[in-house]
Every structure is written in C-alpha cells, then in structure tokens.
Amino acid sequence: MLGEVVNSDAPFVSINGVSKNFGSTKALDNVSLSIGAGEIVGLIGSNGAGKSTLLKAMMGLLKFSGDLTVFGQNPMAGRAELLKKMSYIADVASLPSWMKVSELLSFMADVHPQFDIQRAKALLKDTPIQQGARIHALSKGMKTRLHLTVILAINTDFLVLDEPTLGLDVLVRREFQDRLVEDYFNQQRSILITTHQIDEIESILTRVIFIKDGRITLDVSKSELKNSFSKLRVTGNVVFSDPDLKPIYQRQLVDHTELIFKGADPKVLSAYGEVAVPSLEDLFVATNS
Amino acid sequence: MNVFIALLKREVLEHKNLWRVPAVLLAMALLVKLSFAFGNLSLDFDVPKGFDIESTVDSFVNSALGKALSVMNYLIMLVMFVVGIFYALASLFNERQDQSVLFWRSLPISDAQTVGAKLTIALVLIPLIILVLQSLVALLFLGGQSGNYLAPYFASTLGRMGQVLLWSMLPTIAWCLLCSQVANKSPVLMALVLPLLAILVDKLFLSGALSDAFVINRLTGVDHYSLGILIAGVVFAGVCLLVTVAKRGERF
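In the order they appear, the protein sequences are chains A and B.
This note's numbering puts the first sequence at residues 1 to 289.
This note's numbering puts the second sequence at residues 1001 to 1252.
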C-alpha cells in the first residue's frame, strides 16, 4: 500500500528491463535505471527517443514488459493514488486560464491531501502575482511561476517535469531552475526532468541519463562525468602514440579539432593540446552519433 | 467527498452559463409579471400534458396568470436542459482545447471522478436549478399563494421530469460527453451528424422502426415510454461513459 512507510533507502523509481514496442518500432528497449533520494536527474534525448514513453510507463499510462515500480508499486494499479506521492508538470502552459489564482489555490487544497496552502501563499508573496488575478491575465512567465509555485507547495518527495521550460525565455528559465533548487530540492527529495534542450538545465543536474532509440546510452552522475570524460582541443593533425587513446568522437572545426575521450588520463592528453571537461552537449553528440 | 464537491464547484466556476442562463430566465419572468401589471400579456402557447397543473387546481389564480406560470415553468425546463446539453458538449472538449486537461490529470483525481462530476452537473444540479427557478417564479407571480400552486404543480410534474431525465437526458448527456471527449474539431457536429446518418440509413434502407424506437421517440417526449427501451438507453449511456473515461485516460 502507498500509505505505508516506505523504507527510506528504497529507490523512488525502480526500472528493470522495461521494453515497449509500437508496431515494429522499439520505443523502449530493455531500459533499466533507478532513482533514489537526493538526485536531480536529467533524462535527455531527441524527439522520439523514448523520453515520453518512459514517463508514461512510470505514470501507469501504458502497458509495457519488464519490471517497473514507483514508490514500490506498479503504477498501473492506481494512477490517482500514485499522484498523491509524486507531483508532476506535463506542460507549464496548462493552468486553466479562466480560474482566479485564489480559486486555484483553494481547489488544490480541496483535492490534494499533500497541498500546503499556507506555503503556496507564502511563496506567492515573493512574486508579483496577485491572488485576485485571473490566470489568463498573467504573462507567460508569471503563469509558469504560478504553476511551479503550486507544485512546490505540494509535499511530495518526487517531482517529474516533462520539458518544463519549453518555449520560455532565458530569464524565466533561469528563475524556474533557481526556484526548483532553492524551494524544493533537498536530500530527501528527487527531481526528474526530461528535455531535449541540454544546455539550459546542465547546471542544476546531479545526474545525466541519455536516451536514444529507446536505449539508455549514458547514465552517470555529474561528478563521475568530470572524471571519466575529457575533451581535447588540438590544432593541425595529431597522431596518438598510445594505441589505447581512442577518441569516442571527433569533430573537425575550421582551425582546430575537438576530440572526446572516455576514461583517458587528462595528464596524458594534455601533451597533445588543450584539455577541458566536455559540456553535456558535447557528450550528447558524442554518444548519440 | 470533499474532492467531489471541489470538482462540482470547479464546473460551476468554469461554465458560467450554469448560473447566467437562470439569471436571464428570472429576468424574463419578471418582465412577464410586469406585463400582467402594466402591459397586455396574452399567451398562445400550449404546454404538453403533464407539465401543467390541472384546471381544477389553478382556479384559485387568475387563469391567464396560471397559464403564464405553466408556460414559464415549461420554458425553464426546456432551456435548462439545452444548457445541460451544451455544457456536456463543451466540458471535456474545452479542457483539451486549452491544454488544461494536462494540469487536471496531474492531480490525484481519477478520470471516473471527473467524468462523474460532469455527469452530476448535467443530471442532478441542472434539475435542481430547474426546481429552484420554478419555485422562485411561482413566488414572483403569486407571492404568498405560491405554496398552493407549487404543491399540486410539483405533484404532477416531478414524476414526469424524473422520467425525462432517465428516458431522454441520461443517454443524450452521456453521448454528448463522449463526443466532447473524442471529437477532433466540433463535438456539436459529431453529436448531431452521427445519429442523423444512422437514422437516415435506417429510414432509407430498413423500416425506420429502429431509429423511431431508440432515438426519435426518446427525444420527442415520454409518450412512447417502455421499460425495454429505457434499459437500452441506460446501457447505451453506460457504454458511452466508460469509453469517455477510458479515452480521457489516454491523455498524457
């Protein structure tokens, strides 16, 4: 039962060998991962890579083969019950525009047992949003802020965001991320964010998962990522004397070449050129091409 | 229970016609009443049997006023049922149009609860609004004597209204909710065109008896009331509602 105390070491989400076929296309191909407390996980993939299919499977919206539990339970068993334990934003432009802010808050208080209306009001005090305002009268940025505020006032330990900042300008995006980290995240909680815009969430993630054609191509923590990947920038042609030194990706630019290495010693690499930590975008391209 | 009441409250806040139309109807009743006092009201409109009161009972009021009351009360019922039909056609469609369905479905509310709330609005709240409106109009027309009118009026009409609700409104509303959930462009068009096509095929190629029994007699009144057809309608409504809930569940 969801009402029982879950062992604090048990993962929030546990996925083991999950596959899903749509006709002959493999939307998910033997996916395994688990998410525990204290993580901000970025699930990153191109459109059609399987991100949404994986989220839908987690929400109990489609059948799949393999094992998948959320808070120890099969999500197919009861979506409404599950949503008491995890909060979720499918689209920040989805708040009902005809509602007043105050009506939204009291509705949430009535339907969601974990919603803390006092906290929501306190969080709203720091914004220009008036409680008497109608949602359609708010700017896009303010609607996003309101949605996030409402979600942050729900006391659940697991927050799922599906392409949360799609179509928002850079100021709103930055604000959104700052609120997540300051007002929600702590060591007891976790956030799962899906996106295909990598650069914008890189800074807040603690763990990165790349997905391509339904398969997980990379799953590393941010700290691990720094240790195991390096980017080398060389000018002119280069021949590596060490046969173990094989780049996983190579990109020819106008006046230099960029090479991505996995598991290579940066000290060894620095003999050939400038060594840096690759960005997520570099890694995404390297592992997906 | 708290959740269900919150869902009902949400519907009333969202669909303003649920209280705007009653306000207009009351204003109309006020005009009719004023016309009695200062104008020259005459009514050429017959209320179907069963929706008026027997002539022996209404002898205590001015007969023109009594007739106006019956007409007004019948009008209230018709208009509010139409409001219910358009409410059902709009409610699930609007959610999909403005994307708010994504928000509603991110909350711990099952699709069955949501669809159930919408059905309750159309089949419980709207009939209640009708009764309240009819009582208010009687009060407006007759003042202190309204009780003497309302008691026999409701005695003769309540049963009829219950019949209409089960016989005509339940299948109609369930069908409209289904169209509201599945139509791509226009639920109104879908709700009208599909039954019309079915009737046309039946009339042109078959005897036409099926469409008379299952659709036309149902919509034209309760004169052809029969238990078998009533049960068929309830089963049809149940299927429509189950499909509606399942289809809403496919939204991410």
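Where is the CB? At the ideal position from N, CA and C, for every residue including glycine.
{"Check": "Using only alpha-carbon positions, find the residue among V1239(B), Q1163(B), A1151(B) that is nearest to A1174(B).", "Outcome": "V1239(B)"}
{"Check": "Using only the alpha-carbon positions, how far apart do K1009(B) and V208(A) sit?", "Outcome": "42 angstroms"}
{"Check": "Please give the ranges of any alpha helix (DSSP H) in the region 129-173 of chain A, keeping only runs that are unbroken, at least 4 residues long and fully inside the region.", "Outcome": "140-152"}
{"Check": "Using a C-beta to C-beta distance shorter than 7 angstroms, which residues of chain B count as neighbours of S97(A)?", "Outcome": "D1098"}
{"Check": "Put F107(A) into one of helix, strand or coil per three-state DSSP.", "Outcome": "helix"}
{"Check": "Taking the alpha carbon of L259(A) as the reference point, which residue from V268(A), Y249(A), K267(A), L253(A) has its own alpha carbon closest?", "Outcome": "Y249(A)"}
{"Check": "List, in chain order, every chain A residue whose beta-carbon is nearer than 8 angstroms to that of R1020(B).", "Outcome": "Within chain A, no residue comes near R1020(B); the closest Cβ sits about 14 angstroms away, beyond 8 angstroms."}
{"Check": "So V1182(B) and Q1113(B) are supposed to be a Cβ contact under 8 angstroms. How far apart are they, rounded?", "Outcome": "In fact, because the Cβ distance is near 19 angstroms, the residues do not count as touching under 8 angstroms."}
{"Check": "Consult DSSP for E281(A) and reduce its assignment to one of helix, strand or coil.", "Outcome": "helix"}
{"Check": "List the residues of chain E whose Cβ lies closer than 8 angstroms to the Cβ of V1003(B), in chain order.", "Outcome": "No chain E appears in the structure shown, which is made up of the protein chains A and B."}
{"Check": "Closest Cβ-Cβ distance between K1247(B) and chain A: below 9 angstroms?", "Outcome": "no"}
{"Check": "Compare the C-alpha of W1104(B) against each of A1006(B), L1210(B), F1236(B) and name the closest.", "Outcome": "A1006(B)"}
{"Check": "Do you know how far the Cα of A80(A) is from the Cα of L2(A)?", "Outcome": "Its pLDDT being 45, under 50, L2(A) is placed unreliably in this model, and the value from its coordinates should be taken loosely. Spanning the two alpha carbons is a distance of roughly 11 angstroms."}
{"Check": "Tell me whether A10(A) is buried or exposed, calling it buried when 16 or more other Cβ atoms sit within 10 Å of its Cβ.", "Outcome": "exposed"}
{"Check": "What's the gap between the Cα of M1077(B) and the Cα of V1083(B)?", "Outcome": "10 angstroms"}
{"Check": "When Cβ atoms are compared, which residues of the region 1099-1122 of chain B fall closer than 7 angstroms to chain A?", "Outcome": "Q1099, S1100, L1102, F1103, S1106, L1107, P1108, I1109, S1110"}
{"Check": "Given this structure, state the Cα-to-Cα distance separating L1031(B) from Q1145(B), to the nearest angstrom.", "Outcome": "20 angstroms"}
{"Check": "Which same chain residues end up closer than 6 angstroms to I117(A) when comparing Cβ atoms and leaving out the 5 residues on each side of it in sequence?", "Outcome": "L105, A109"}
{"Check": "Out of S1186(B), R1020(B), V1245(B), state which residue places its alpha-carbon closest to the alpha-carbon of I1129(B).", "Outcome": "R1020(B)"}
{"Check": "Got a sec? Which residues, its chain only, sit under 8 angstroms from L82(A) by beta carbon, not counting five neighbours each side?", "Outcome": "L2, M59, G60, V70, F71, Q73, P75"}
{"Check": "According to the Cβ coordinates, are L180(A) and G141(A) closer than 9 angstroms?", "Outcome": "no"}
{"Check": "Going along chain A in order, which residues have a C-beta closer than 7 angstroms to the C-beta of R1010(B)?", "Outcome": "F107"}
{"Check": "Mind checking whether the beta-carbon of P75(A) lies closer than 8 angstroms to any heavy atom of the ligand FAD?", "Outcome": "The ligand content of the structure shown is nil, which means the ligand FAD is not present either."}
{"Check": "Would a check of beta-carbon distances place A90(A) closer than 9 angstroms to chain B?", "Outcome": "yes"}
{"Check": "Which same chain residues, not among the five before or five after R145(A), have their C-beta less than 6 angstroms away from its C-beta?", "Outcome": "T127"}
{"Check": "Measuring only the C-alpha atoms, how far is L1165(B) from L1123(B)?", "Outcome": "7 angstroms"}
{"Check": "Nearest to L280(A) by alpha carbon, out of L138(A), T149(A), G42(A)?", "Outcome": "G42(A)"}
{"Check": "Give the C-beta separation of G50(A) and F210(A) to the nearest angstrom, bearing in mind that I take them to be a contact with Cβ-Cβ under 8 angstroms.", "Outcome": "Contact doesn't hold; Cβ gap of about 11 angstroms is too wide."}
{"Check": "One question on the structure: do D157(A) and F284(A) come within less than 9 angstroms of each other, judged by their Cβ atoms?", "Outcome": "no"}
{"Check": "By the 10 Å Cβ neighbour count, where 16 or more other Cβ atoms means buried, how is E4(A) classified, buried or exposed?", "Outcome": "At E4(A) the pLDDT is 45, less than 50, meaning the model places this residue with poor confidence; the figure from the coordinates comes in the next sentence. By the neighbour-count rule (16 or more Cβ atoms within 10 Å), E4(A) is not buried but exposed."}
{"Check": "For I1141(B), which three-state DSSP category applies?", "Outcome": "Inspection of the sequence shows that residue 1141(B) is occupied by Phe rather than by Ile. Residue state, collapsed to three classes: helix."}
{"Check": "Just confirm the distance between the C-beta atoms of I89(A) and I204(A), as a whole number of angstroms; I'd bet it's less than 8 angstroms.", "Outcome": "About 15 angstroms separates the two Cβ atoms, so there is no contact after all."}
{"Check": "In terms of alpha-carbon separation, which member of T165(A), N227(A), F261(A) lies closest to L148(A)?", "Outcome": "T165(A)"}
{"Check": "On the CB-based measure, 16 or more other CB atoms within 10 Å of its CB, does G1143(B) come out buried or exposed?", "Outcome": "exposed"}
{"Check": "Return the chain-ordered list of same chain residues with a C-beta closer than 7 angstroms to the C-beta of P247(A), the five sequence neighbours on each side being excluded.", "Outcome": "L259, I260, F261"}
{"Check": "I want to verify the contact list: residues of chain A whose CB lies under 9 angstroms from the CB of L1013(B), in sequence order.", "Outcome": "W98, M99, K100, E103, F107"}
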